[in-house]
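One structure below.
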Amino acid sequence: MRNVVVLGASGRTSAEIISRLLARDDVTLTLFLRRASRLKHLASKRVALIEGDARNTADLQRGIQSQDIVVSTLGGMDLDLKTSRVIDAMQAAGAQRLVAISAGGIYDELPQPFNAWDKRMVGQTRPVNLRAVQLIEQSPLVYTVLRPVWLTDKPTEVFELTTKGEIYKGTETSRASIGRFVADLVDDPAHHAHQNLGISQPGTDGSRPQAYR
């Protein structure tokens, strides 16, 4: 069995990850969130719920102890603080493999005019997301960073990847495709190690996401 903890487990992106991991018989899940009651319907022999604060290293250690893979969908304007705490907790627990969901645009890597539009809409989040990724890259952990752009609930699992330093493709990322990527990575944890990747849907190029056109 492979032990996986999802940090920030109550979000919509986490839901797509969790459903795909539960479809695998060889995965045991720990779901870390502020209010465990929100996911009590998922509790089972294979799913443990841990209530805690992602800004608290001791809380995180309880969730991360004995885990093979840590998946973080944490966000917020204090994401750099939370990320620092996650790194500390992983090191204290002896966990090495981290998959972190960040955000596209932190390197100004989105194509114009989409980059300018994105910056106007959510540019205030870019610095903290960048700092969080820098902390991960500077850590001794075996990481994969994913940089989605505008999230959708479209069911498509098809995605394309861009590497750090490459101009981004597309304006949308389906939560379903993130779920598929993470589930596949859990199957093969050595894949995409120490990589920082943009993830988006093919055919979504443009000045802004479809919902805003």
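Once you know that position 53 of the sequence shown is 41 in our numbering, the rest is easy, because the numbers rise by one and skip nothing.
The C-beta atom is built at its ideal place from N, Cα and C for all residues, glycine as well.
Predicted model, so just to flag it, every value in this text is computed and none were measured.
Residue 194 to residue 201 span [Cα, whole Å]: 9 angstroms
By Cβ distance below 7 angstroms, which residues in the same chain neighbour residue 47 in space, the five residues on each side in sequence not counted? 40, 41.
Where residue 130 sits in the DSSP three-state scheme: Residue 130: strand per DSSP, three-state reduction.
C-beta atoms of residue -6 and residue 59 nearer than 7 angstroms: yes
Cβ distance (whole Å) where residue 139 is taken to contact residue 161 below 8 angstroms: The pair is a contact, with the Cβ atoms about 6 angstroms apart (cut-off 8 angstroms).
Residue 103: first and last residue of the uninterrupted alpha helix (DSSP H) it sits in: In the DSSP assignment, residue 103 falls within the unbroken alpha helix (DSSP H) covering 102 to 110.
Name the residue from 55, 10, 169, 144 whose alpha carbon lies nearest to the alpha carbon of residue 190. 144
Enumerate, from N- to C-terminal direction, the unbroken beta strand (DSSP E) stretches of 3 or more residues contained entirely within the segment 132 to 179. Along the length of the segment 132 to 179, whole beta strand (DSSP E) runs at least 3 residues long occupy 138 to 140, 148 to 151, 160 to 162, reported in chain order.
Where do the ends of the alpha helix (DSSP H) carrying residue 71 lie? 67 to 81
Are the beta-carbon atoms of residue 155 and residue 99 separated by less than 7 angstroms? yes
Determine the DSSP secondary structure at residue 44, reduced to helix, strand or coil. coil
Helix, strand or coil: which one does DSSP assign to residue 186? The answer is strand: DSSP assigns residue 186 an E or B state.
I'd like to confirm the pairing. Which residues does DSSP put opposite residue 60 in its beta bridges? -5, 88
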